[in-house]
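These notes concern the structure reproduced below.
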């Protein structure tokens, strides 16, 4: 699944750009969304092998988006990505398939993606 | 001397400043001479209302004999005169045989010398002070004028005795009042209970000339080290009686004396008088006041009415004492409340600071990731040998540093739940030490261990505890610049009477400047060139979350000892901690 389709969701344009360039180098096909609603639209419009979802976003935050995504398709793999290691998730919500702390060093992100995709 | 001159002389003497006994003796000498009476003797009452021969004219020969005997009112001629309060006059021939008690063996062959005996009560309209006895060898009759004159004289002498009595009792009252005033001053002062009680004991002892005064407080009332406050030294022979009397006074809610506790013969042979009274307020016994004085001592205050006096004093001090004790408690409570409030404000300040810090850190994180991320991409595109690449490395290093600071900050402000388990502190210490000392930089550091092998386990989050230990040990290592001795001790300890396990870690790194010692647990406070100032703040927070605390003992110029106190397991259960 070297050319897997990945949807990167982040409200920060330069983060989206960084992740896109870094992940494209790994051979993935990247699409972008700047918030939860846009992400849900894109997911309805086509298939993605993985969603990388920022937690803190205006409008619909990452946790809400995760629940919507999993409600629509519980087999959709999602990685949560946040600036720091703490977020409140109530017990009824869905659990993500992976969790990565945002860092300038993108190796952890890449490795987590590869693990989930089974590469 | 004519009767008027005589009376004048007597009145002059009675109003003089002479001692009581010399005044009376002078008067008796005059009577003896003027009335032609070889013996002029006065009986007065003892404390137990028995008549004793106390005064006589100078030339009296009977005094030495009579003064060995005492009689009750109604007993013998003297007793009979005292009872009837009317004079009796006899010649040797007509003394009734029933008054035989006059004829003590030593008087044999002496009384026969006298022809006339006169017995007069020393009394005014309401009080009787004693009996005046005259024996005359050279006359056998008294004219009516002489009798009237004698009765006037006896009134005068009664008056002298009475005023002396009044002076004595007012002196006593005044000294009681002075004692109470002094006590009042102390009770209304703002003294600490301990000081107050010592002071009270001292005042009472001084004013009553007591051998010792001891105040025992009920245990439930004053949770302090000392429950007994004593002035003087408790006689070992009296010790048992003191406790017995205290118990009786508290139980009966009234003043008791040694007489209430021991048989009469014993009390009579006893060297001391002993009184105990309850210090009670609204029928609640706060404690007891016990006074002991030597019987032979010059203390008229502790005689017959000692019980009355001691209960007066005990009553007097009870309310003041209760006020002081309540005041002290109140003061303690107010101080505790103040401290608690201060802590709350600190916590609140800290919480909002924490929230702000978290949100700032979060906002900074994204730009940092972007800067760092793209710089890394840039680095990959530039030849490794070029100067630009060196600059890029510098940027990346700084980004990495910033990121680790941010992580630490966020780590500090976030609420970390405890994963409590039963921990053996000694094992954890060894584990951490093994980890640290395997590094080469620890080669020149000597670690001295003094573990208490019986240290009970504590309930704690072992990961977090290890983090605390590592923080403190690394600080010690840095303070000593890699060379010195770290002494680690574990022991059982108590804080506010609860069991704690204490871990002390002492270094020889020169100590902390006393001016900044109060800041060491404050977040972002650091003395290191490259530190976040969060290590000890996080450690402190972790230990506080465990319901423990960290103490710092600092010897400037020598070293610092950090002491971690964790509640021992038998006190804080896992549930309590979570």
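Protein chains in written order, with the numbering used here: chain A, 131 to 249; chain B, 865 to 1442.
Quick reminder that beta carbons are idealized off the backbone N, C-alpha and C, glycines included.
Problem - C-alpha gap between residue 1230 (chain B) and residue 178 (chain A), whole angstroms - result: The count along the second chain starts at 1 and reaches residue 1230 (chain B) at position 366. The count along the first chain starts at 1 and reaches residue 178 (chain A) at position 48. The alpha-carbon atoms of residue 1230 (chain B) and residue 178 (chain A) are separated by roughly 25 angstroms.
Problem - Span separating the alpha-carbon of residue 1073 (chain B) from that of residue 1027 (chain B) - result: Numbered from 1 along the second chain, position 209 holds the residue referred to as residue 1073 (chain B). Numbered from 1 along the second chain, position 163 holds the residue referred to as residue 1027 (chain B). Straight through space, the alpha carbons of residue 1027 (chain B) and residue 1073 (chain B) are spaced by roughly 25 angstroms.
Exercise for the section: Could you check if residue 1438 (chain B) is buried or exposed, using at least 16 other CB atoms within 10 Å of its CB as the buried criterion? Expected result: Residue mapping note: residue 1438 (chain B) aligns to position 574 of the second chain, counting from 1. Because the pLDDT of residue 1438 (chain B) is 44, which lies under 50, any placement of that residue in the model is unreliable, and the number read from its coordinates should be weighed accordingly. The residue in question, residue 1438 (chain B), is exposed, as its Cβ has fewer than 16 Cβ neighbours within 10 Å.
Practice task
Grab the span of the alpha helix (DSSP H) containing residue 1157 (chain B) for me, first residue to last.
Solution key: Working through the second chain from its first residue, we reach residue 1157 (chain B) at position 293. Counting along the chain, no alpha helix (DSSP H) covers residue 1157 (chain B); the unbroken beta strand (DSSP E) around it starts and ends at 1148 to 1158.
Exercise for the section: Note down, in chain order, all residues in the stretch 165 to 196 of chain A with a beta-carbon under 8 angstroms from any beta-carbon belonging to chain B. Expected result: Answer set for the stretch 165 to 196 of chain A: 186.
Problem - Host beta strand (DSSP E) of residue 1142 (chain B) (start-end) - result: Here residue 1142 (chain B) corresponds to residue number 278 of the second chain, with the count starting at 1. Judged by DSSP secondary structure, residue 1142 (chain B) falls within the beta strand (DSSP E) whose first and last residues are 1136 to 1145.
Practice task
Closer than 8 angstroms by C-beta to residue 1443 (chain B): which residues in its own chain qualify, once you throw out the five before and the five after it? Chain order, please.
Solution key: Chain B is shown only over 865 to 1442; residue 1443 (chain B) falls outside these bounds and no answer can be derived.
Handout entry: 7 angstroms CB neighbourhood of residue 1125 (chain B) in its chain, flanking five on each side removed
Key = What you label residue 1125 (chain B) is simply residue 261 of the second chain in a count that begins at 1. Cβ neighbours of residue 1125 (chain B) beyond the five flanking positions: 1105, 1108, 1109, 1112.
Problem - Helix, strand or coil at residue 244 (chain A) [DSSP, three-state] - result: By 1-based counting over the first chain, the position of residue 244 (chain A) is 114. Looking at residue 244 (chain A) - three-state DSSP - the assignment turns out to be helix.
Exercise for the section: Count the C-beta pairs between the stretch 1235 to 1247 of chain B and the stretch 234 to 242 of chain A that are closer than 8 angstroms, then say yes if the count reaches three, no if not. Expected result: Verdict: yes, contact present.
Exercise for the section: May I ask which residues mark the beginning and end of the beta strand (DSSP E) holding residue 1096 (chain B)? Expected result: Position 232 of the second chain, counting from 1, holds the residue named residue 1096 (chain B). Segment 1092 to 1096, the beta strand (DSSP E) holding residue 1096 (chain B).
Exercise for the section: Taking 8 angstroms as the threshold, find out whether the stretch 186 to 200 of chain A comes into contact with the stretch 134 to 143 of chain A through three or more Cβ pairs. Expected result: Contact holds: three or more Cβ-Cβ distances are below 8 angstroms.
Problem - Close Cβ partners of residue 213 (chain A) (< 6 angstroms) along its chain, the five nearest in sequence each way excluded - result: Taking the first chain and counting its residues from 1, the one referred to as residue 213 (chain A) is at position 83. Result list for residue 213 (chain A): 232, in chain order.
Handout entry: Per-residue contacts from residue 142 (chain A) into chain B (C-beta, under 7 angstroms)
Key = On the first chain, residue 142 (chain A) is found 12 positions in, with the first residue counted as 1. Near residue 142 (chain A) (Cβ distances below 7 angstroms), the residues of chain B are 1230.
Practice task
Please name the residues in the stretch 1214 to 1243 of chain B whose beta-carbon is closer than 9 angstroms to at least one beta-carbon of chain A, in chain order.
Solution key: Per Cβ criterion, the list reads 1222, 1225, 1226, 1227, 1228, 1229, 1230, 1231, 1232, 1233, 1234, 1235, 1236, 1237, 1238, 1239, 1240, 1241.
Practice task
Using a cut-off of 8 angstroms between C-beta atoms, extract the partners of residue 233 (chain A) located in chain B.
Solution key: Locating residue 233 (chain A) in the first chain gives position 103, counting from the first residue. Here the neighbours are 1233, 1236, 1267.
Handout entry: Runs of alpha helix (DSSP H) lying entirely within the stretch 980 to 1055 of chain B, each at least 4 residues, in chain order
Key = Listed in chain order, the complete alpha helix (DSSP H) runs (minimum 4 residues) inside the stretch 980 to 1055 of chain B are 1008 to 1052.
Problem - Three-way DSSP call (helix, strand, coil) for residue 1319 (chain B) in this model - result: Along the second chain, read from residue 1 onward, the residue named residue 1319 (chain B) stands at position 455. Residue state, collapsed to three classes: coil.
Practice task
Using a Cβ cut-off of 7 angstroms, pull out every chain A residue sitting near residue 1263 (chain B), in sequence order please.
Solution key: By one-based count along the second chain, residue 1263 (chain B) stands at place 399. In chain order: 234.
Handout entry: Per-residue burial, residue 1408 (chain B) [other beta carbons within 10 Å of its own, 16 or more giving buried]
Key = Taking the second chain and counting its residues from 1, the one referred to as residue 1408 (chain B) is at position 544. A residue is called buried once 16 or more other Cβ atoms fall within 10 Å of its Cβ, and residue 1408 (chain B), having fewer, is exposed.
Handout entry: Three-way DSSP call (helix, strand, coil) for residue 201 (chain A) in this model
Key = Position 71 of the first chain, counted from the start, is the residue given in the question as residue 201 (chain A). Here residue 201 (chain A) sits in helix by DSSP.
Handout entry: 8 angstroms Cβ cutoff, residue 153 (chain A) in contact with chain B
Key = Here residue 153 (chain A) corresponds to residue number 23 of the first chain, with the count starting at 1. For residue 153 (chain A), the answer is no, since every Cβ of chain B falls outside 8 angstroms of its Cβ.
Practice task
Pick helix, strand or coil for residue 1353 (chain B), following the three-state DSSP scheme.
Solution key: Here residue 1353 (chain B) refers to the residue found at position 489 of the second chain. Of the three classes helix, strand and coil, the one that applies to residue 1353 (chain B) here is strand, per DSSP.
Handout entry: Cβ shell of residue 1164 (chain B) (< 8 angstroms), same chain only, five flanking positions each side left out
Key = For this step, residue 1164 (chain B) is matched to residue 300 along the second chain. Because residue 1164 (chain B) carries a pLDDT of 48, less than 50, the predicted location of this residue cannot be relied on, and the following value inherits that uncertainty. So the list reads 1032, 1036, once near-sequence residues are dropped.
Exercise for the section: Determine contact between the stretch 991 to 1007 of chain B and the stretch 946 to 953 of chain B, defined as no fewer than three beta-carbon pairs at a distance below 8 angstroms. Expected result: Touching, yes, given that three or more Cβ pairs across the two stretches are closer than 8 angstroms.
Practice task
Pull up the distance between the alpha-carbon of residue 1289 (chain B) and that of residue 1312 (chain B), whole angstroms please.
Solution key: Counting from 1 along the second chain, the entry for residue 1289 (chain B) is found at position 425. Counting from 1 along the second chain, the entry for residue 1312 (chain B) is found at position 448. Spanning the two alpha carbons is a distance of roughly 16 angstroms.
Exercise for the section: Go to residue 1412 (chain B), then tell me how far its beta strand (DSSP E) extends in each direction, as first and last residue. Expected result: Walking along the second chain from the start, residue 1412 (chain B) turns up at place 548. Judged by DSSP secondary structure, residue 1412 (chain B) falls outside any beta strand (DSSP E); it is assigned neither H nor E.
Handout entry: Backbone secondary structure at residue 1393 (chain B) - three-state DSSP
Key = Here residue 1393 (chain B) is taken as the residue at index 529 of the second chain, counted from 1. In the structure shown, residue 1393 (chain B) sits in coil (DSSP, three-state: anything other than H, G, I, E or B).
Practice task
Could you work out which residues of chain B lie near residue 145 (chain A), taking near to mean beta carbons separated by less than 9 angstroms?
Solution key: Taking the first residue of the first chain as 1, we reach residue 145 (chain A) at position 15. In chain order: 1230, 1233, 1234, 1237.
Exercise for the section: Please classify residue 1220 (chain B): is it buried, with 16 or more other beta-carbons within 10 angstroms of its beta-carbon, or exposed? Expected result: What you label residue 1220 (chain B) is simply residue 356 of the second chain in a count that begins at 1. It counts as exposed.
Problem - Bridge partners - residue 1313 (chain B), DSSP secondary structure assignment - result: Here the question's residue 1313 (chain B) lines up with position 449 in the second chain. B:1352.
Practice task
Return the bridge partner residues of residue 228 (chain A) from the DSSP annotation.
Solution key: For this step, residue 228 (chain A) is matched to residue 98 along the first chain. Under the DSSP definition of a beta bridge, residue 228 (chain A) partners with A:209.
Handout entry: Member of B:1174, B:971, B:1131 whose CA lies at the smallest distance from the CA of residue 1067 (chain B)
Key = Position 203 of the second chain, counted from the start, is the residue given in the question as residue 1067 (chain B). Residue nearest to residue 1067 (chain B) within the set B:1174, B:971, B:1131 is B:1174 (criterion: CA-CA distance).
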